[in-house]
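Data block below; observations after.
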Amino acid sequence: MGSETMRRFNESDLHDSRMCGVEFRQTEEGVVVSLLLDRIQHGGTGYSEATLVFVACRFVGLELDCLGMRFTGGDIAASYCRDRSALLDSLAQPGAAFRGMPIDPGEMDGLLHFRVELIAPGGAIDIVARGCSWEGRGSEGSETADQ
Numbered sequence: 048m049g050s051e052t053m054r055r056f057n058e059s060d061l062h063d064s065r066m067c068g069v070e071f072r073q074t075e076e077g078v079v080v081s082l083l084l085d086r087i088q089h090g091g092t093g094y095s096e097a098t099l100v101f102v103a104c105r106f107v108g109l110e111l112d113c114l115g116m117r118f119t120g121g122d123i124a125a126s127y128c129r130d131r132s133a134l135l136d137s138l139a140q141p142g143a144a145f146r147g148m149p150i151d152p153g154e155m156d157g158l159l160h161f162r163v164e165l166i167a168p169g170g171a172i173d174i175v176a177r178g179c180s181w182e183g184r185g186s187e188g189s190e191t192a193d194q
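Positions 48 to 194 (our numbering) are the ones given, in order, by the sequence shown.
Take a look at the structure:
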């Protein structure tokens, strides 16, 4: 369920974890986006490698300052998941299109807005997807909006 996905993502507390990379893969089910992380361990005693995998992605917005990321080590300031946001609302408007590609009515139903903000001036990543899952030692299970 979408609300469970939001709860688990929002409770995952990525603050002070490090974003090390972003990967895009085309699959039969759609585009998969992976964030490669050095995830801070509970209590801040160290890091463990983890991958946050977003499934059935429809939109990804990257606004990253690579020099800023270098200065801050890619540290994450905040992250959240929402089922309502200005981004989702704008994409769901009748007649909406993104870079000329029309968005069908109802296509946004069940999609969630995930946002990961890096410490300034690092930037942010916005992902509109069906759900997400964790892989690796710093993982916490998986959730999708239609489970």
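Where a beta carbon is used, it is the ideal one built from N, C-alpha and C, also for glycine.
>> My output table needs one value for Thr52: the three-state DSSP class, helix, strand or coil.
In response: For Thr52, the secondary structure class from DSSP, reduced to helix, strand or coil, is helix.
> What beta strand (DSSP E) runs, 3 residues minimum, are completely inside the region 121-170?
Replying inline: 123-129, 159-165
> Taking C-beta to C-beta, are Ala176 and Phe101 nearer than 9 Å?
Replying inline: yes
> With respect to the beta strand (DSSP E) encompassing Thr74, which residues constitute its N-terminal and C-terminal limits?
Replying inline: 65-74
> Where Asp85 and Gly183 are concerned, what is the direct C-alpha to C-alpha distance, given to the nearest angstrom?
Replying inline: 10 Å
> Can you give the Cα-Cα distance for Cys113 and Ser126, rounded to whole angstroms?
Replying inline: When rounded, the distance between both Cα atoms is 19 Å.
> Taking Cβ to Cβ, would you say Ala103 is nearer than 9 Å to Glu76?
Replying inline: Closer than 9 Å, so yes.
> Between which two residues does the alpha helix (DSSP H) containing Leu114 stretch?
Replying inline: 113-119
>> Please classify Leu109 as buried or exposed, where buried requires at least 16 neighbouring CB atoms within 10 angstroms.
In response: exposed
>> Could you tell me the alpha carbon to alpha carbon distance between Ala140 and Arg146, rounded to whole angstroms?
In response: In the sequence under discussion, the amino acid at residue 140 is Gln, which differs from the Ala named in the question. Spanning the two alpha carbons is a distance of roughly 15 Å.
> Can you name, in chain order, every residue of its own chain whose Cβ lies under 7 Å from the Cβ of Ser132, other than the five neighbours on each side?
Replying inline: These residues qualify, in order along the chain: His160.
> Out of curiosity, what's the CA-to-CA distance linking Thr98 and Ser59?
Replying inline: 13 Å
> Ser81 bridges to which residues according to DSSP?
Replying inline: Glu70, Val100
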